[in-house]
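Chains as they are written, first to last, in our numbering: chain A, 2 to 206; chain B, 2 to 206.
Glycine included, every Cβ here is placed at the ideal spot set by N, Cα and C.
Written out below as structure tokens is the structure these notes cover.
2 protein chains.
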Amino acid sequence: MRKGEETRAKILDAAEAAVLAKGFGATSIDELIVETGITKSGFFYHFRDKNELAKALLERYIDNDERIYDEIFGRARELADDPLQSFLIGLKLLSELLGDLPNGHPGCLVATMCSHERAFDREIKEMNRQAALMWRRRFGQMFREIMQVYRPREALDADQLADMVSTVLEGGIVLSKAMQEPKILPDQLLVLRSFLRLLFQPAQA
Amino acid sequence: MRKGEETRAKILDAAEAAVLAKGFGATSIDELIVETGITKSGFFYHFRDKNELAKALLERYIDNDERIYDEIFGRARELADDPLQSFLIGLKLLSELLGDLPNGHPGCLVATMCSHERAFDREIKEMNRQAALMWRRRFGQMFREIMQVYRPREALDADQLADMVSTVLEGGIVLSKAMQEPKILPDQLLVLRSFLRLLFQPAQA
DNA sequence: TGCGCTCCTGTACCGCCAGTACAGTTTTCA
DNA sequence: TGAAAACTGTACTGGCGGTACAGGAGCGCA
Chain A
2 MRKGEETRAK ILDAAEAAVL AKGFGATSID ELIVETGITK SGFFYHFRDK
52 NELAKALLER YIDNDERIYD EIFGRARELA DDPLQSFLIG LKLLSELLGD
102 LPNGHPGCLV ATMCSHERAF DREIKEMNRQ AALMWRRRFG QMFREIMQVY
152 RPREALDADQ LADMVSTVLE GGIVLSKAMQ EPKILPDQLL VLRSFLRLLF
202 QPAQA
Chain B
2 MRKGEETRAK ILDAAEAAVL AKGFGATSID ELIVETGITK SGFFYHFRDK
52 NELAKALLER YIDNDERIYD EIFGRARELA DDPLQSFLIG LKLLSELLGD
102 LPNGHPGCLV ATMCSHERAF DREIKEMNRQ AALMWRRRFG QMFREIMQVY
152 RPREALDADQ LADMVSTVLE GGIVLSKAMQ EPKILPDQLL VLRSFLRLLF
202 QPAQA
């Protein structure tokens, strides 16, 4: 029971790195078994086919993602009572965390899998959708709390703003990779932070 | 000479649709030649290998992208003298254009190719970088013109704001696909538009 | 001690795919 | 009409995803 999970985790580790670097289609099972030190039969003992590998990969990635957000925005909530201040602190913490990654953000599995929709089955598409909806719920709830205290200076609703957080994260990852400048992602998060501060700033000169 | 370019374009059309739907690695040459109605030898007459196909694909995509932006922000400039108003109109036009696409944005080739960096050679990575830098130059120039007239209410420089436009576009594409809601992309562009209006709004209550 | 379960290994095989090689053929245009 | 452009046809290599199945090592437990 224990040994099996360990091997499974090793396969997933190797697969995640390879998929983010080269794409799912370009990642071969053969290279994974070489890196993990098992045989092909061993691989298929853990995963029925490549699609099941993708599913396990995505599931683990999303869980980990949620854990990180829980941690960061949990800490931010401890640091300030005001919901706006707390959210702005959370964005700052997230920006710092992403800026401290030595080689930049490794890439978002949700993004790489949903942009190649036809390559995966409905179950994976649904997992991607649920992940994005969870982001919306998480950030949307925070914006609703903020809006109970502050009135936004433009007519934007909480879900739109929540999606903007996800948008900037995903877009920042893409742009950082395209430009080959890891700093863009944390930087853009701070730009979003400025926008939000402006949006909820009391209307006075 | 003419016939050759026609066939080449047909291959690129089929390839672009397939790559955006399934990813580059999952797109086989065999399926492209079936769809195009040529033989494998015919394919390799036009492209030395799959990597050269990727290069041609990306080059054509970027050129087309630039053409669309030229057109939209050119029209926006005709509709208003003020650089801020003109830019806000441009964002609105772009949002409407993207919202009118029947199946949503088909996906950004720059994003799919740069997120799988290891699968492509240096030349393609450099093309991606240049494309992103062209976006920065284009939008950055517009923000510089705006800043000669309006003073931003937060300390953000023109290049940061330019990158935010690209970020929202790329992120919006990802989120639209993940959520399976094409409206998110045009919607998020309008959220950005609100932020920018707020940023450059004269400081009065 | 040995039974059974988990966790693999070994071997052999299929069909698809990228890519090579190259000779031959049709089409196009000057 | 002739040369160049734009292909076709055939035959091959090696890698990959996936299947099938027999067997074995280690481990916990009665």
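task = Identify the continuous alpha helix (DSSP H) that holds residue 52 of chain A and give its terminal residues.
result = 51-80
message = Could you compute how far the alpha carbon of residue 3 of chain B sits from the alpha carbon of residue 180 of chain A?
response = 36 Å
message = Using a Cβ-Cβ cutoff of less than 7 Å, which residues in the same chain neighbour residue 107 of chain B once the five nearest sequence positions on both sides are dropped?
response = 21
task = Classify residue 169 of chain B as helix, strand or coil using the three-state DSSP reduction.
result = helix
request  = Measure from the alpha carbon of residue 188 of chain A to the alpha carbon of each residue in A:43, A:86 and A:98, then state which is nearest.
outcome  = A:98
message = At the level of alpha carbons, what is the spacing between residue 109 of chain A and residue 191 of chain B?
response = 25 Å
Residue 5 of chain B versus residue 34 of chain B: straight-line alpha-carbon distance, rounded = Cα to Cα, the separation comes out at about 15 Å.
key: Closer than 7 Å to chain B by CB, residue 8 of chain A   = no
query = Counting pairs of Cβ atoms below 8 Å between the region 69-77 of chain A and the region 47-59 of chain A, do you hit three or more?
reply = These segments do not touch.
ask   = Are residue 140 of chain A and residue 156 of chain A closer than 7 Å when you measure CB to CB?
value = no
query = Which one of B:203, B:182 and B:17 has the shortest CA to CA distance from residue 103 of chain B?
reply = B:182
ask   = Is DSSP giving residue 120 of chain A helix, strand or coil here?
value = helix
message = Whole angstroms are fine: how far does the CA of residue 133 of chain B sit from the CA of residue 142 of chain B?
response = 14 Å
ask   = Who are the Cβ neighbours of residue 206 of chain B in its own chain at under 8 Å, not counting the five residues just before and after it?
value = In this predicted model, residue 206 of chain B has a pLDDT of only 45, less than 50, meaning its place in the structure is not dependable; the value taken from the coordinates is given anyway. Counting only Cβ-Cβ distances below 8 Å, and skipping sequence neighbours, we find nothing.
task = State the Cα-Cα distance for the pair residue 87 of chain A and residue 131 of chain B, rounded to the nearest angstrom.
result = So the two alpha carbons sit approximately 38 Å from each other.
key: residue 109 of chain A in three-state terms, based on DSSP   = DSSP places residue 109 of chain A in coil when its eight states are reduced to three.
inquiry  = For a cutoff of 7 Å on Cβ pairs, would you count residue 65 of chain A as touching chain B?
reply    = no
ask   = Taking Cβ-Cβ distances shorter than 7 Å, what residues in chain A pair up with residue 96 of chain B?
value = By Cβ distance, chain A contributes nothing, its closest Cβ being about 13 Å from residue 96 of chain B, past 7 Å.
key: Enclosing alpha helix (DSSP H) for residue 46 of chain B [first to last residue]   = 41-47
ask   = Given residue 100 of chain A, which residues of its chain have a CB within under 7 Å of its CB, disregarding the five upstream and five downstream residues?
value = 184 and 187
request  = Decide if residue 37 of chain B is buried, meaning its Cβ has at least 16 other Cβ atoms within 10 Å, or exposed.
outcome  = buried
inquiry  = Can you pull the chain A neighbours of residue 154 of chain B, defined as C-beta to C-beta under 7 Å?
reply    = 199
ask   = Does any CB atom of chain B fall closer than 7 Å to the CB of residue 189 of chain A?
value = Yes, residue 189 of chain A counts as interfacial toward chain B.
task = Kindly indicate if chain A contains any beta-carbon less than 7 Å away from that of residue 129 of chain B.
result = Closer than 7 Å: yes.
ask   = How many angstroms separate the CA atom of residue 170 of chain A from the CA atom of residue 42 of chain B?
value = Using only the alpha carbons, I get a separation of about 44 Å.
inquiry  = Quick check on DSSP: helix, strand or coil for residue 284 of chain B?
reply    = Within the shown structure, residues of chain B are numbered from 2 to 206, placing residue 284 of chain B beyond reach of any answer.
request  = State the Cα-Cα distance for the pair residue 144 of chain B and residue 159 of chain B, rounded to the nearest angstrom.
outcome  = 5 Å
query = Which residue's Cα is closest to the Cα of residue 147 of chain A: A:198, A:66, A:25 and A:65?
reply = From the listed residues A:198, A:66, A:25 and A:65, the smallest Cα separation to residue 147 of chain A is found for A:198.
inquiry  = Could you tell me the alpha carbon to alpha carbon distance between residue 12 of chain A and residue 49 of chain A, rounded to whole angstroms?
reply    = The straight-line gap from Cα to Cα measures roughly 13 Å.
inquiry  = Give me the chain A residues within the contact set of residue 117 of chain B, using Cβ-Cβ distance strictly less than 8 Å, ordered along the chain.
reply    = Within 8 Å Cβ-Cβ: 22, 23, 24, 27 and 113.
Pairwise C-alpha distance: residue 79 of chain A and residue 125 of chain B = 46 Å
query = Which term fits residue 149 of chain B, buried or exposed, when burial requires 16 or more other beta carbons within 10 angstroms of its beta carbon?
reply = When all chains shown are included, residue 149 of chain B counts as exposed.
request  = To the nearest angstrom, report how far apart residue 177 of chain A and residue 112 of chain B are at their CA atoms.
outcome  = 10 Å
key: For residue 46 of chain B, the nearest candidate out of B:94, B:66, B:8 and B:83 (CA to CA)   = B:8
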